[in-house]
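Asker: Protein chains in written order, with the numbering used here: chain A, 1 to 247; chain B, 1001 to 1317; chain C, 2001 to 2288. Encoded as structure tokens, here's the structure I'll be asking about.
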Amino acid sequence: MLELRAVAKRFGGVVATDEVTLEVAKGEVHALIGPNGAGKTTLVGQIAGALSTDSGRIFFNGVDITHQKAYLRVAAGLARSYQITSIFRRFSVLENLALAVQARSGSSFSFWRPVSAERALFDEAAAIAADIGLGERLNSTAGTLAHGEQRALEVGLALATNPKLVLLDEPMAGMGPQESQAMIALIEKIRSRVTVLLVEHDMDAVFRLAARISVMVNGRLIATGTPGEIRADPAVRQAYLGEEVAA
Amino acid sequence: MIRALAVFIALGIFPLVMQAVDGMFYVSLAARILIYAIAATSLNLVLGYGGMVSFGHAAFFGAGAFVVGIMAVEGVRSAWIAWPTAMAVAALGALVIGAMSLRTRGVYFIMITLAFAQMIYYIFVSLKAYGGDDGLSMPGRSTLAADTPIPGDLAWYYLVLAVLALVLYGMHRLTRSRFGRVIDAIRENEARAEAIGYPVYRYKLLCFVIAGAVAGLAGALIANQSSYVSPSLLHWIQSGTLMIMVILGGVGTLWGGVIGAAVLLGLEHLIADYRIDWLAELAPNYQDHAGLAVGVVLLAIVLVAPQGLAGLFKKHA
Amino acid sequence: MLFLLAAGLTLVFGIMDMINLAHGSLYMIGAYFMASFVQATGSFWLGLPLALAATAIVGIVLEMTLLRRLYGRDHLTQVLATFAIILIANEAVRIVWGSQPILLNPPEGLTGPVALPGGLPYASYRLLIIGVGAAVALALYLLVTKTKVGMLVRAGASNREMALAMGVDIRRLFTAVFALGAALCALAGAMLGPILAVQVGMGENILILAFVVIVIGGIGSIRGAFVGALLVGIVDTGGRAFLPLLFSIFLPPQLSSAAGPAVASIMIYLLMAVVLYFRPQGLFPARG
Chain A
1 MLELRAVAKR FGGVVATDEV TLEVAKGEVH ALIGPNGAGK TTLVGQIAGA LSTDSGRIFF
61 NGVDITHQKA YLRVAAGLAR SYQITSIFRR FSVLENLALA VQARSGSSFS FWRPVSAERA
121 LFDEAAAIAA DIGLGERLNS TAGTLAHGEQ RALEVGLALA TNPKLVLLDE PMAGMGPQES
181 QAMIALIEKI RSRVTVLLVE HDMDAVFRLA ARISVMVNGR LIATGTPGEI RADPAVRQAY
241 LGEEVAA
Chain B
1001 MIRALAVFIA LGIFPLVMQA VDGMFYVSLA ARILIYAIAA TSLNLVLGYG GMVSFGHAAF
1061 FGAGAFVVGI MAVEGVRSAW IAWPTAMAVA ALGALVIGAM SLRTRGVYFI MITLAFAQMI
1121 YYIFVSLKAY GGDDGLSMPG RSTLAADTPI PGDLAWYYLV LAVLALVLYG MHRLTRSRFG
1181 RVIDAIRENE ARAEAIGYPV YRYKLLCFVI AGAVAGLAGA LIANQSSYVS PSLLHWIQSG
1241 TLMIMVILGG VGTLWGGVIG AAVLLGLEHL IADYRIDWLA ELAPNYQDHA GLAVGVVLLA
1301 IVLVAPQGLA GLFKKHA
Chain C
2001 MLFLLAAGLT LVFGIMDMIN LAHGSLYMIG AYFMASFVQA TGSFWLGLPL ALAATAIVGI
2061 VLEMTLLRRL YGRDHLTQVL ATFAIILIAN EAVRIVWGSQ PILLNPPEGL TGPVALPGGL
2121 PYASYRLLII GVGAAVALAL YLLVTKTKVG MLVRAGASNR EMALAMGVDI RRLFTAVFAL
2181 GAALCALAGA MLGPILAVQV GMGENILILA FVVIVIGGIG SIRGAFVGAL LVGIVDTGGR
2241 AFLPLLFSIF LPPQLSSAAG PAVASIMIYL LMAVVLYFRP QGLFPARG
């Protein structure tokens, strides 16, 4: 479904992503792991269209989207959540989700009818909220939510665009064990309807959820394979996992 | 809604009262304030709701005025033709300037809008045939029907009031519409808005153009106010003044432009026309220096009431 | 001269991340001080350093009392606050010096033309201005690239947080930078006074030009300010000189006499638009 060929990006003298070639099959949960600074978020940004790509190609469902604008990628079914929470803090949970739903429900160049009259938008948003566990918090202002709830909304916003593939960038960042379990359960729930590229540090989650894992170090992709293969890979162990996890 | 109605009823009765007490000068002043309220409200759309700090809004305001003035001098005086033309020209200007400026962010955006507005100023000022530095005198107000110009101060006031009501109602619907929500979201978190599928640039540009068109309408009105178009309408100090009105009145609120215009122009009028004796003891010429008071007041507001301003503007860039 | 203003502006913006609209007011104050000091002392050359010092002091006071509170605030607030300062400054000047423009004469000995190589007579005072401009540019360049202070300035311009983290005494640095900017303004104002009129509001016109220069040159970069000022100067003067001629060849007289100056005056803005289209950060941005 998603194919990267030798994708690279440079920031001045720093090579952030270095000829990364990887592919994500339809329906799988594909994890992307690696130490901090490995270039994972940069790669996600390039796939999503928030960052430009210096060389290489990105294909989504066979279409070359390397230089396509971000909002067009969303329309094609590619959504992303952020490592550092980026929600609409002033708006309520319901309004946040409704915004994403609105984007794919007809033209928003409409100037007269009040949005509040569009029941369908808000009903769908409420359903998504229930899905991500925020059914009780519909009218809470996003900025006042607890960290775990904000991360859930973060993922929810991406899901609300009805994507075919979703890029989750460290959805469990900063979460305690209980919240992490809830997020893992959410990802398990959605994997049947959406392909997932999951960037994560939480190895527990990664090994539980992923069908395949890719490892990035210093901007390069050093290994791709099933969890078993990755665990056993000496290069990966040396660079990232260490001896304990393999045991 | 009730509040709005009450305000408009009060505004509606006001001139009749004035007529009774021989205070028609105040009606004229009030009309002027209302026209600036329209201009400030249009800036509030782009600045308050859209989060775009445009320092060149006066360009559209003045352009609208000049279009009406030039057309009047050339013989086209019908309001039905001149005013929409003014709006169209202003909208076109906003489209061109916006298209170029909105590719930049933050400080660059502010300065570019400023620079382009100055450019428009220079263009109009160098049109010697239409007054140049001295401004353009019109042969009277625009006509509504068959060569009769809009009569008297009273009718003029009501016309302006009606336009203001229309503009405010339009804003009210616009901010609650789909378009308005998207603009609000863009102001809140532009990157995420793009990431959930909105072509942010297009929305900002359209918002900019709409605001420009309404400013053009205000310009058409101000030209008619005294049948004279001054190039100072295009100057960046005018842009600054409009911004002050928006800030004073309340950024991002429906009535912000109205309140701001009323307070600022009212204040200027008060200082200029009423001698406060004890102040005159200290500084005999104080009334010549009304600008000083405005500056001090503005500075005070900016320094002392930070949340209202800073809170609504996320980091640019 | 434009470079002087632009340099100060770009430094203030690059290092302190502050848009200072009142920069033009410092230029105006510099010119006014110059005029008064020259009148008082009877000498151009005595008046100059006095005016520079006086304006620098005004700048320092301004920075320490008001502008400090604006660092770190959003740009809109800075724009409004410094705009308020312009209004106040204009009125203050009007109160102290009156509304009429005042006269400032170039120093004796430099009022007449001088023969350039090639036989072209050129106003000697303008030559002085060019000379001073070049000298200051060189001095600034040396200061910024060769001295320790200059290094701090450049570090601050390209990454303020890092500089802070490294323990640079930010407050003093900022005040110093601002004072330098003010002095540059004063120099420009004092030297341009004899050529342009010394009047209230002179700051605003040149301020916009200065902004155009730093947008073209890149914010925070002295080299950018220099190149930008040169470009703007050339385009502006060249445009004014040649465009009306060009137009008069192609267009009927009434149109060309109106269009010529009109287009000439907007040439620099067109230049800015073109530069921004291709390089939105300016030609030599200091920030990466």
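Ideal Cβ positions, reconstructed from N, Cα and C, are used throughout, including at glycine. Bear in mind that the values here come from a model prediction, so they are computed numbers and not experimental data.
Using a Cβ-Cβ cutoff of less than 6 Å, which residues in the same chain neighbour Gly2288 of chain C once the five nearest sequence positions on both sides are dropped?
Answerer: Because the pLDDT of Gly2288 of chain C is 36, which lies under 50, any placement of that residue in the model is unreliable, and the question is left without a value.
Asker: List the whole-angstrom C-beta distance separating Leu1043 of chain B from Val1209 of chain B, where the pair is believed to meet the contact cut-off of C-beta under 8 Å.
Answerer: Rounded, the Cβ-Cβ distance is 14 Å, inconsistent with contact.
Asker: Could you give the first and the last residue of the continuous beta strand (DSSP E) run that contains Asp169 of chain A?
Answerer: 165 to 169
Asker: Measure the beta-carbon distance from Ala1040 of chain B to Gly1257 of chain B and round it to whole angstroms, keeping in mind my assumption that it falls under 8 Å.
Answerer: Their Cβ separation, rounded to whole angstroms, is 3 Å, which keeps Ala1040 of chain B and Gly1257 of chain B in contact under 8 Å.
Asker: Could you please give me the residues that DSSP links to Ile33 of chain A through a beta bridge?
Answerer: A:Val215
Asker: Verify whether the separation of the beta carbon atoms of Leu209 of chain A and Leu197 of chain A is less than 8 Å.
Answerer: no
Asker: Need the endpoints of the beta strand (DSSP E) that Asp2074 of chain C sits in, please.
Answerer: From DSSP, Asp2074 of chain C is part of no beta strand (DSSP E); its letter is neither H nor E.
Asker: Got a sec: is the Cβ-Cβ distance from Ile1247 of chain B to anything in chain C below 8 Å?
Answerer: Cβ-Cβ to chain C under 8 Å: yes for Ile1247 of chain B.
Asker: Tell me, please, which residues DSSP counts as bridged to Tyr1228 of chain B.
Answerer: Within the DSSP bridge table, the entry for Tyr1228 of chain B names B:Ser1137 as partners.
Asker: Consult DSSP for Lys69 of chain A and reduce its assignment to one of helix, strand or coil.
Answerer: Assigned with DSSP and collapsed to three states, Lys69 of chain A falls in coil, not helix or strand.
Asker: Might you give, ordered along the chain, the residues of its own chain that have their beta carbon closer than 6 Å to the beta carbon of Glu19 of chain A, omitting 5 neighbours on each side?
Answerer: Ala6, Ala8
Asker: Report buried or exposed for Met2064 of chain C, applying the criterion of at least 16 other Cβ atoms within 10 angstroms of its Cβ.
Answerer: exposed
Asker: Is Met2018 of chain C helix, strand or coil by DSSP?
Answerer: coil
Asker: With a threshold of 8 Å between beta carbons, is Ile2085 of chain C in contact with chain B?
Answerer: yes
Asker: Kindly indicate which three-state DSSP category Ala1153 of chain B falls into: helix, strand or coil?
Answerer: The identity of residue 1153 of chain B in the sequence shown is Asp, whereas the question assumes Ala. The answer is helix: DSSP assigns Asp1153 of chain B an H, G or I state.
Asker: What in chain B is Cβ-close to Ile2293 of chain C, meaning under 7 Å?
Answerer: For residue 2293 of chain C there is no data in the structure shown, the boundaries of chain C being 2001 and 2288.
Asker: For the stretch 14 to 35 of chain A, enumerate the residues whose C-beta is nearer than 8 Å to any C-beta of chain B, in chain order.
Answerer: Listed by position along the chain: nothing, the set is empty.
Asker: Measuring CA to CA, which of B:Trp1083, B:Phe1055, B:Arg1141 is closest to Phe2083 of chain C?
Answerer: B:Phe1055
Asker: Measure from the alpha carbon of Phe1109 of chain B to the alpha carbon of each residue in B:Ser1101, B:Tyr1036, B:Phe1116, then state which is nearest.
Answerer: B:Ser1101
Asker: Between the stretch 1100 to 1123 of chain B and chain C, which residues of the former have a C-beta closer than 8 Å to a C-beta of the latter?
Answerer: Met1100, Arg1103, Thr1104, Gly1106, Val1107, Tyr1108, Ile1110, Met1111, Ile1112, Leu1114, Ala1115, Phe1116, Gln1118, Met1119, Tyr1122, Ile1123
Asker: On the CB-based measure, 16 or more other CB atoms within 10 Å of its CB, does Glu229 of chain A come out buried or exposed?
Answerer: Classified as exposed, Glu229 of chain A has fewer than 16 neighbouring CB atoms from the shown chains inside 10 Å of its CB.
Asker: Leu1166 of chain B by DSSP, collapsed to three states: which one?
Answerer: Taken through DSSP and simplified to helix, strand or coil, Leu1166 of chain B comes out as helix.
Asker: Helix or strand or just coil, what does DSSP make of Lys40 of chain A?
Answerer: Note: Lys40 of chain A maps to helix in three-state DSSP.
Asker: On the three-pair Cβ rule with 8 Å, is the stretch 1187 to 1202 of chain B touching the stretch 157 to 164 of chain A?
Answerer: By the C-beta criterion, the stretch 1187 to 1202 of chain B is judged to be in contact with the stretch 157 to 164 of chain A, since at least 3 inter-stretch pairs fall below 8 Å.
Asker: Closer than 7 Å between beta carbons: that is the criterion. Which residues of the stretch 1177 to 1198 of chain B meet it against chain A?
Answerer: Ser1177, Arg1178, Phe1179, Arg1181, Val1182, Ala1185, Glu1188, Asn1189, Ala1191, Arg1192, Glu1194, Ala1195, Ile1196, Gly1197, Tyr1198
Asker: Strictly by DSSP, which residues pair up with Val7 of chain A?
Answerer: A:Val20
Asker: Does DSSP put Thr1113 of chain B in a helix, a strand or coil?
Answerer: Reduced to three states, the DSSP call for Thr1113 of chain B is helix.
Asker: Give me the residue from B:Met1111, B:Trp1080, B:Ile1222 with the minimum Cα distance to His2075 of chain C.
Answerer: B:Met1111
Asker: Report all residues from its chain with a CB closer than 7 Å to the CB of Met170 of chain A; omit the five preceding and five following residues, and keep chain order.
Answerer: Met is not the amino acid found at residue 170 of chain A; the sequence shown has Glu there. The residues are Gln83, Val199, Glu200, His201.
Asker: In the stretch 151 to 162 of chain A, which residues sit with their C-beta less than 7 Å from some C-beta in chain B, listed in chain order?
Answerer: Answer set for the stretch 151 to 162 of chain A: Leu157, Thr161.
Asker: Would you list, in chain order, the members of the stretch 1152 to 1176 of chain B that have their beta-carbon closer than 7 Å to a beta-carbon of chain A?
Answerer: Sequence-ordered contacts of the stretch 1152 to 1176 of chain B with chain A read Arg1173, Leu1174, Arg1176 [C-beta pairs closer than 7 Å].
Asker: What are the partner residues of Arg220 of chain A, as DSSP defines its beta bridges?
Answerer: Answer is A:Val217.
Asker: Taking Cβ positions only, does Gly1295 of chain B come closer than 8 Å to chain C?
Answerer: yes
Asker: Taking contact to mean at least 3 C-beta pairs separated by less than 8 Å, is the stretch 1178 to 1190 of chain B in contact with the stretch 86 to 97 of chain A?
Answerer: Because the criterion of three Cβ pairs below 8 Å is met, the stretch 1178 to 1190 of chain B and the stretch 86 to 97 of chain A touch.
Asker: Taking its Cβ as the centre, do 16 or more other Cβ atoms sit within 10 Å of Glu1074 of chain B, making it buried, or is it exposed?
Answerer: exposed
Asker: Scan the stretch 129 to 200 of chain A and note each continuous alpha helix (DSSP H) run of 4 residues or more that stays entirely inside, going in chain order.
Answerer: Qualifying alpha helix (DSSP H) stretches, in chain order: 147 to 159, 177 to 190.
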